[in-house]
Ligand SMILES: [Zn+2]
Ligand SMILES: [Zn+2]
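Numbering (our numbering), first residue to last: 223 to 666.
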């Protein structure tokens with residue numbers, strides 16, 4: 223009756239056939255969190271927003287369309303005085319909704335391996351020990367386990383302090399996971415380098431030649447992978463290759479995701495030079511969604527110590543065992559053109575809906591009916607009662623945001639020497655709380 227469009231797992235390492243002749247992953251199966259079915263719309267929408275590939279422009283497109291509709295409706299109702307307050311309120315709602323998307327701790331999909339002995343690795347992740355990280359060590363464990371990972375590198379910016387903390391937690395709680403030493407640093411040319419397998423790497427490296435850093439890391443038993451080279455920065459492929467790096471990230475999350483052509487170019491280059499290709503989440507603690515895993519087969523990895531697993535992976539990178547690494551991504555198989563971005567809300571929601579199965583669609587219908595019922599009930603109230611009710615909602619929202627802001631600030635106190643993000647975030651939450659409080663007071 224309706225078109226149905228399947229979301230699949232794609233073996234990105236198979237590379238050159240990507241786009242034209244896709245190879246589904248043999249190593250992983252994609253699973254849906256089935257307990258989320260009854261609240262499907264509240265999970266699907268954040269999942270869609272978190273799949274943005276050109277975050278800034280897709281958000282701007284949404285905001286423009288929202289403002290456009292607010293203006294149209296107020297003009298049609300001839301309430302010209304309400305245009306400006308209407309726009310401000312809509313923007314406030316949209317920002318609050320974005321916070322919901324970012325902080326909702328429920329993911330729609332996760333992956334499971336088809337064979338035992340398969341380590342599902344995240345090669346790139348951050349914690350609050352990064353200046354821009356939001357994830358506590360505890361949340362790093364929860365998030366990774368929830369998304370199906372069993373091994374991950376903590377690659378904080380210029381710090382390795384998170385690893386020992388997380389290893390202790392994993393040990394204490396008998397969690398089946400291996401945590402590995404990593405660090406993300408930038409060199410003289412602003413290449414972002416992922417350094418694996420080193421407990422410590424002392425600054426300064428931001429003024430250092432790439433080849434000197436690589437040499438140092440190699441001499442100390444570590445490995446170097448170039449992070450998200452597609453972000454406008456750093457030296458080109460050739461120069462990085464000549465500096466001796468062990469490989470390139472072919473997929474990780476950045477504000478602007480790599481175009482298919484850029485991924486293809488990297489894969490072709492890595493194949494030609496026999497370089498390692500890895501996938502990482504570059505997760506900083508925002509959003510429950512993940513769409514990339516790298517698998518490496520390691521016999522009996524479960525029985526090993528953290529350091530043993532780490533050694534095997536790092537040595538495989540250094541010895542360029544390229545066949546061991548397979549990067550798998552969720553493919554939404556959607557158009558990614560500029561025209562799409564202009565009409566983002568319509569195109570995006572369309573693809574969001576046709577990705578649903580029959581049960582999920584029924585749940586959507588049920589929730590839409592409930593919404594309509596609530597609106598109808600609400601409209602039957604007198605203006606005075608309506609305003610009172612809305613004012614309550616705004617004030618509760620304001621108090622909740624303030625509470626989150628305070629929690630955030632307390633967390634920041636523990637890592638103040640490394641972290642900016644938690645402080646900025648607590649200020650942002652507090653400002654938003656003030657705005658909602660004001661809106662509530664005005665409505666009264
Ligand atoms: Zn960062
Ligand atoms: Zn990063």
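Ideal Cβ positions, reconstructed from N, Cα and C, are used throughout, including at glycine.
Check whether residue i and residue j have beta carbons under 8 Å apart
i           : j           : result
residue 531 : residue 400 : yes
residue 392 : residue 415 : no
residue 283 : residue 566 : yes
residue 275 : residue 479 : yes
residue 511 : residue 329 : yes
residue 308 : residue 318 : no
residue 342 : residue 373 : yes
residue 574 : residue 331 : no
residue 507 : residue 356 : yes
residue 564 : residue 350 : no
beta-carbon residue i near ligand 1 non-hydrogen atom, thresh 7 Å
i           : result
residue 362 : no
residue 352 : yes
residue 450 : no
Closer than 7 Å: residue i CB and nearest ligand 2 heavy atom
i           : result
residue 358 : no
residue 606 : no
Cutoff 8 Å; reference residue i; Cβ partners in own chain excluding five residues on either side
i           : result
residue 316 : 284, 285 and 288
residue 496 : 542 and 544
residue 232 : 240, 244, 245, 246, 247, 550, 551, 552 and 553
Inter-residue Cα distance where the pair is residue i and residue j
i           : j           : result
residue 311 : residue 602 : 22 Å
residue 337 : residue 519 : 9 Å
residue 614 : residue 621 : 11 Å
residue 333 : residue 340 : 12 Å
residue 272 : residue 322 : 11 Å
residue 378 : residue 586 : 40 Å
residue 220 : residue 534 : Residue 220 is absent from the model: the chain starts at 223 and stops at 666.
residue 408 : residue 648 : 28 Å
residue 255 : residue 517 : 21 Å
residue 363 : residue 298 : 51 Å
residue 260 : residue 556 : 26 Å
residue 470 : residue 302 : 55 Å
residue 552 : residue 253 : 11 Å
residue 443 : residue 514 : 27 Å
residue 656 : residue 604 : 27 Å
residue 600 : residue 606 : 12 Å
residue 398 : residue 235 : 26 Å
residue 388 : residue 560 : 42 Å
Beta-carbon proximity list for residue i, same chain, < 7 Å, skipping 5 on both sides
i           : result
residue 577 : 227 and 229
residue 264 : none
residue 385 : 376, 401 and 403
Own chain partners of residue i with C-beta closer than 6 Å, once the 5 adjacent residues on each side are dropped
i           : result
residue 501 : 473, 514, 516 and 549
Exercise for review: Could you pull out every unbroken beta strand (DSSP E) segment of at least 3 residues lying fully inside the segment 513-589, listed in chain order?
Suggested key: 514-519 and 548-553
Review point. Which runs of the alpha helix (DSSP H) spanning at least 4 residues fall entirely within the segment 418-454, listed in chain order?
Key: 432-441
Check your understanding: If you scan the segment 267-301 from start to end, which runs of the alpha helix (DSSP H) of 4 or more residues do you find wholly inside it?
Key -> 277-298
Exercise for review: Entirely within the segment 354-430 and at least 3 residues each: give me those beta strand (DSSP E) ranges in chain order.
Suggested key: 373-376, 400-408 and 414-418
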